[in-house]
Amino acid sequence: MSTLTYPEAGSTRLGPLPDGYHHLHHRTRIGHGRADFEAAGAAITEFRMHRVSGTRVRASAPRAEPGASVRVALGAGPFRLTAPCRVVWAEYGPERIGFAYGTLPRHPECGEECFVAELADDGTVTFTVMAFSRPARWYTRIAGPFVPVAQRWYARRLGRTLRRIVREGHAPQE
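Taking our numbering, I'd label the letters of the sequence shown as residues 2 to 175.
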C-alpha cells in the first residue's frame, strides 16, 4: 500500500487546514430535508457524484471507507489526468455524511480533499468541498495559478451535479 504524499492526513475532517498549501472551500445548498440529505450522502460516498460529473473513478470498495484506494481520471486520450488517492476518513452520521481522500505518489497534486453533505437544524442540506493542495508534478507547477481556478470550477461542477442527482431522485417513477 502506497504512503500518502503529505503528513497532515485527516485535516479536512474538521479543520483547520494546514499552512503551506492552497486552500479551497466551496459550499452550496443542494436540497432540503432528510430524504435529500440521505440521497446526497449516498451519491457522495458511492462515488456517483464524481461519475455523473464526468470523472472516471475506480475504487477498491463500493463506498468510501478508510483505506480504500481511489483512482480518479479526468480528460481523454493523451490529455487524461490520472490521480491515485486513498480514503483517509469517512463519516456516516445523522447530520453529516462524507469522506476525504489523500494523494498518493504519481498524483499531480499533494494534499487532501473532502466531500460532505450536511443537514442543518432548519432542514437545509448543503454540500461542502474543502481541500488543501500544492503542486507535486512538473506540469502542475508550470500551470501555476490555473490549478486553483480549475479546482474551484470542479468543486462548483460537483455541487451542481449533486443538486441534480438529489432533485432527480424525487422525480415521479413511471
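For glycine and all other residues, C-beta sits at the position ideal for the given N, C-alpha and C.
key: Given R35 as reference, the closest of T6, G76, D123 once Cα atoms are compared   = Position 34 of the sequence shown, counted from the start, is the residue given in the question as residue 35. Of T6, G76, D123, the residue nearest in Cα terms is D123.
request  = Within its chain, find whatever has a CB closer than 6 Å to the CB of R164; leave out the 5 residues flanking it on each side and keep chain order.
outcome  = Along the sequence shown, read from residue 1 onward, the residue named residue 164 stands at position 163. So the qualifying residues of the chain are I31.
task = Tell me whether R28 counts as near the ligand GTP, meaning its Cβ is closer than 7 Å to at least one heavy atom of that ligand.
result = Ligands displayed in this structure: none; no statement on the ligand GTP is therefore possible.
ask   = Where E196 and Y7 are concerned, what is the direct C-alpha to C-alpha distance, given to the nearest angstrom?
value = Beyond the ends of the chain as shown, which are 2 and 175, falls residue 196; an answer cannot be given.
inquiry  = I need the DSSP call for L15, collapsed to helix, strand or coil.
reply    = Residue 15 sits at position 14 when you count from the first residue of the sequence shown. Looking at L15 - three-state DSSP - the assignment turns out to be coil, as it is neither helix nor strand.
query = Roughly how many angstroms lie between the CA atoms of R138 and R107, to the nearest whole one?
reply = For this step, residue 138 is matched to residue 137 along the sequence shown. For this step, residue 107 is matched to residue 106 along the sequence shown. Rounded to whole angstroms, R138 to R107 spans 8 Å at the Cα level.
message = So, for Y22: in the same chain, excluding its five sequence neighbours on each side, which residues have a beta-carbon less than 7 Å away from its beta-carbon?
response = Within the sequence shown, residue 22 is the residue found at index 21, counting from 1. G112, F133, S134, R135, listed in sequence order.
key: Test item: CB-CB of E66 and A40 under 8 Å   = For the purposes of this step, residue 66 is taken as the residue at position 65 of the sequence shown. For the purposes of this step, residue 40 is taken as the residue at position 39 of the sequence shown. Contact: no.
task = May I ask you to report which of helix, strand or coil DSSP gives R1?
result = The requested residue 1 is not part of the displayed model; the chain covers only 2 to 175.
query = Per DSSP, which one or two residues make a beta bridge with H33?
reply = The residue labelled residue 33 in the question sits at position 32 within the sequence shown. Answer is T125, bridged to H33.
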